[in-house]
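I have placed the structure first, in the form of structure tokens, so that the comments after it can refer back to it.
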Amino acid sequence: MVAYFCWSRPFTARFAGVDAIDRSIVAVLETEGRLSVTELARRVRLTVAPCHRRLRELERAGVIRGYRAVVDPVALGCGFEVLTSITMDREDAATITAFEQGLADLPEVRHAERLFGDPDYLVRVATADLPAYQRLRDERLATLPGVRRLTSTIVMRRVVDQRPYPNT
1 MVAYFCWSRP
11 FTARFAGVDA
21 IDRSIVAVLE
31 TEGRLSVTEL
41 ARRVRLTVAP
51 CHRRLRELER
61 AGVIRGYRAV
71 VDPVALGCGF
81 EVLTSITMDR
91 EDAATITAFE
101 QGLADLPEVR
111 HAERLFGDPD
121 YLVRVATADL
131 PAYQRLRDER
141 LATLPGVRRL
151 TSTIVMRRVV
161 DQRPYPNT
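Quick note, in the UniProt record's numbering, the sequence shown goes up one by one and the last residue is 168.
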């Protein structure tokens, strides 16, 4: 296995084929995912065929999990963002499963992460405005199984957003 350093901490690649060129391919695609293979090859200084093979291997190995558009939430009417900390009152397997499925079923939930310590979950929610968030919080989030406490923090602005992983 090949070891790399990420955020000054070692990690092991999912497959032994990741090298500096593969990491360059990933870094370029993280910022410009719609490049043609020809342009990608030019930027990482490969010919098209080897670049295409490497790209397909990175996809097959799960290093590159997909491609998507980056959208403006305000243009979609979802510019009001809230970070919601959730503390559970019980954490048995059935409650956690039901709670997490309930979160997954809410389209306003953009990200949800289970944490060690308190709070138990950090959830990023996007709605049209404060009244829409209040309805979601009171009628849906607070009624999910096992919820003891919800703490909401309104996002003023994003300082760092969708930064590519370090290419080290």
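A virtual CB, placed ideally from N, CA and C, is assigned to each residue, including glycine.
Check: Nonlocal neighbours in the same chain, by C-beta distance under 8 Å from E113, ignoring five residues either side; Outcome: Y121, L122, V123
Check: V147 burial status per 10 Å Cβ neighbour count (16 or more: buried); Outcome: buried
Check: For I154, three-class secondary structure by DSSP; Outcome: strand
Check: Extent of the continuous alpha helix (DSSP H) to which L103 belongs; Outcome: 93-104
Check: Meets three-Cβ-pair contact criterion under 8 Å: the stretch 96-104 and the stretch 151-159; Outcome: no
Check: C-alpha gap between E57 and A132, whole angstroms; Outcome: 43 Å
Check: For R163, three-class secondary structure by DSSP; Outcome: coil
Check: Residues near V70 in its chain [Cβ-Cβ closer than 8 Å; skip 5 each side]; Outcome: Q162
Check: Residue of T127, A27, V26, R158 minimising C-alpha distance to A75; Outcome: T127
Check: E108 (DSSP reduced to helix, strand or coil); Outcome: coil
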